[in-house]
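J.:
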Amino acid sequence: MTSTNIPKWFTVVAVLALLWNLMGVMAYLQESGTTPATPIWVTMAFAFAVFGGALGCLLLILKRALAKIILIISLASVLVQMFHAYFISNAWEVFGPGGAIMPVMVIVVAIYLVWLSQMASQKSWIK
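Sequential numbering of the sequence shown, starting at 64, is according to the numbering used here.
1) Identify, in the order they occur along the chain, each residue of the same chain with its Cβ nearer than 7 Å to the Cβ of ALA108, setting aside the five sequence neighbours on each side.
2) Between the C-alpha atoms of ILE135 and LEU81, what's the straight-line distance to the nearest angstrom?
3) Quick check on the DSSP output: what are the complete alpha helix (DSSP H) runs of length 4 or more inside the segment 98-147, in order along the chain?
4) Determine whether the beta carbon atoms of GLY119 and SER137 lie at a separation below 8 Å.
5) Rounded to a whole number of angstroms, what is the C-alpha to C-alpha distance between ALA148 and PHE73?
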């Protein structure tokens, strides 16, 4: 399959997803080191989630199959980070139910990107 057979929306979605993840990178850079009580493994999960997401999206744009593995690692890291935030720390008490909106969005986008990379791989859009 040539690049002309890849739908234009695929690249548009990959670019938008890269921008989404770059906003996550900015959040990481702003937050890392500001809360010394956060365990190092949570900070590392945050880093893997956002940097992995950004790299995975860049690889989607470049039509590289490695994107799938990187995005799976990013999703796993998101889940570790959110597990800490909502089941180990007191995020529910601090943010309340309304505070779950952004974390749910982050999880949904990460799942979607894994699905997109899987579909793109099956359709030979990425190699």
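For glycine and all other residues, C-beta sits at the position ideal for the given N, C-alpha and C.
T.: In short:
1) SER140, VAL143 and GLN144
2) 15 Å
3) 103-124 and 129-146
4) yes
5) 32 Å
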